[in-house]
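Everything on this sheet refers to the single structure shown next.
Protein chains in written order, with this note's numbering: chain A, 86 to 406; chain R, 23 to 181.
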């Protein structure tokens, strides 16, 4: 009899446990504002719903999202997540200009270098389309700098990813383009020692494709550097070509053009940065050195890219509304 | 003796299971159909002028290559709407409602999403154009990437 009661107790406990499991199986609804990647544990690919909706799973990586009124908005480049709709190329950080969402004030995309979004900025926004990409030519609000430490980590997500990034020639940057390069931001996102914020420079520079040697002795973590392209644009381009002429046949030694040996970042002795397979799609555009696969300097990769990409159909209006 | 004990155990277990099942019936549908004894309430629901009608929405879905099926009017009309139909689009549960004003629409849409969120569907969405709302809930992961839902919304907003 006693054994029977023990058995009954066991069954009751199991039943209660099952009931509890059933109740938590109704996962909390998580709100999404628009399209977003689908976490691998749920499935794969990209959720195509471009209006507010909910799912029974949370975002795969919070670094890729901005939360607005309890809703998650995907702020990254959708390309590596299986998104196959229209894409538009951007260069560097910029205000999020998705005309289909209200983010309650100016929010910024902190992606460095060339990247894509599913939206084209509206005409009234301060963007210029040059060389197949949108360049932000307006001013940055104080919130851009205030939020930078929190949101610049989005670059860490893309740093190790291998995917087809838009090819953008910075020579096309409009004079009013006023880039904000966000240096640092966490592990995996590192600039080469001696890298200069130089629009003409296509060596180790900003961009998700860059995986160069670690920070030098002068590294102090994230910092912001400012670059005004208008003044030094042509000068840098000349430097770039001069360096290629001298450096091409001798391998890749030393830093990028104009690098001061022993400068604040320490000596650069590494080779070219980790080049993404598949050609010069990344933020790092192959320059000199035998490891560069892009052919002679300045050849073969100028311009091009930009959005909308042919692969995505390039008919944003038809796709959206 | 042993047999009696096991019978007792079975009864207890069944009781616990029934109790548990009863405890978790916490969400009642907002639009419970009127019982046979219910008094005749409002007049039969009528479409709302000036906003896409339910049949036009279903037609747009057919034109877009989708297959709406089983749509029938709901009575009493739920979610504060003036007219509602429920059916399926590509096997995904779908509701189309017509409202008389924006306030009722906003409340109805929010209430529906809240209810579906509590019920725990895989994906839920409510979207409106003018005074017509479509709401789609994918309870069985028929549309994991949202392709069908996106298509349904896209067709609807072109109306």
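Beta carbons are placed, not taken as given, at the ideal position from N, Cα and C, and that holds for glycine. Note that the coordinates shown come from a computational prediction; the quantities given were computed from them, not determined experimentally.
(Q) Give me, in chain order, the residues of the same chain whose beta-carbon lies closer than 7 angstroms to that of residue 155/A; leave out the 5 immediate sequence neighbours on both sides. (A) 116
**Q.** C-alpha gap between residue 74/R and residue 205/A, whole angstroms
**A.** 30 angstroms
Q | Rounded separation between residue 121/R and residue 143/A - CA only | A | 32 angstroms
(Q) Against residue 149/R, what residues of chain A qualify as contacts under a CB-to-CB distance less than 7 angstroms, listed in chain order? (A) Correct list: 136.
(Q) Run through chain A and tell me which residues come within less than 9 angstroms of residue 155/R, C-beta to C-beta. (A) Here the premise fails: no neighbours, minimum Cβ distance about 12 angstroms.
Q: Could you check what DSSP says for residue 151/A in three-state terms: helix, strand or coil?
A: DSSP places residue 151/A in strand when its eight states are reduced to three.
Q | Cutoff 6 angstroms; reference residue 167/A; Cβ partners in own chain excluding five residues on either side | A | 130, 131
Q: Answer with buried or exposed for residue 91/R, where buried requires no fewer than 16 other C-beta atoms within 10 angstroms of its C-beta.
A: exposed
Q: Report the rounded CA-to-CA distance for residue 120/A versus residue 156/R, giving the unit in angstroms.
A: 19 angstroms
Q) Using a Cβ cut-off of 7 angstroms, which residues of the segment 162 to 173 of chain R contact any Cβ in chain A, in chain order? A) 166, 167, 168, 169, 171, 172
Q) Hey, would you say residue 181/R sits closer than 9 angstroms to residue 150/R, going by beta carbons? A) no
(Q) Would residue 173/A and residue 159/A qualify as a contact pair, given that the criterion is a beta-carbon distance under 9 angstroms? (A) no
Q: On the DSSP bridge assignment, give the partners of residue 154/R in chain order.
A: 120/R, 151/R.
(Q) Between 140/A, 218/A, 200/A, which has its C-alpha nearest residue 135/R's C-alpha? (A) The option with the nearest alpha carbon to residue 135/R is 140/A.
Q: Using a Cβ-Cβ cut-off of less than 7 angstroms, give me the residues of the segment 167 to 189 of chain A that come near chain R, in sequence order.
A: Listed in chain order, the positions of the segment 167 to 189 of chain A with a beta carbon within less than 7 angstroms of a beta carbon of chain R would be empty, since no residue qualifies.
Q: Express the C-alpha separation of residue 158/R and residue 54/R in angstroms, rounding to a whole number.
A: Any reading at residue 54/R needs caution, since the residue's pLDDT is 44, under 50, leaving its predicted position unreliable; the model's value is listed next. So the alpha carbons of these two residues sit roughly 18 angstroms apart.
**Q.** Residue-chain proximity (residue 144/R, chain A), Cβ-Cβ < 9 angstroms
**A.** yes
Q: Please confirm if residue 226/A has its CB atom under 9 angstroms from at least one CB of chain R.
A: Judged by the 9 angstroms Cβ criterion, residue 226/A is not in contact with chain R.
Q: Quick one: using the 10 Å Cβ neighbour count with 16 as the cut-off for buried, is residue 163/R buried or exposed?
A: exposed
**Q.** Alpha carbon of residue 144/R to alpha carbon of residue 256/A, nearest angstrom
**A.** 47 angstroms
Q. Would the beta-carbon of residue 107/R fall within 9 angstroms of that of residue 95/R?
A. yes
Q.
Taking the alpha-carbon of residue 230/A as reference, which of 152/A, 145/A, 163/A, 192/A has the nearest alpha-carbon?
A. 192/A
Q.
Looking only at its chain, what residues have a beta carbon closer than 6 angstroms to the beta carbon of residue 118/A, apart from the 5 residues adjacent to it on each side?
A. 137, 156, 158, 186
Q: On the DSSP bridge assignment, give the partners of residue 246/A in chain order.
A: Its beta-bridge partners do not exist; DSSP assigns none.
Q) Hey, out of 175/A, 208/A, 254/A, 128/A, whose CA is closest to residue 184/A's CA? A) 208/A
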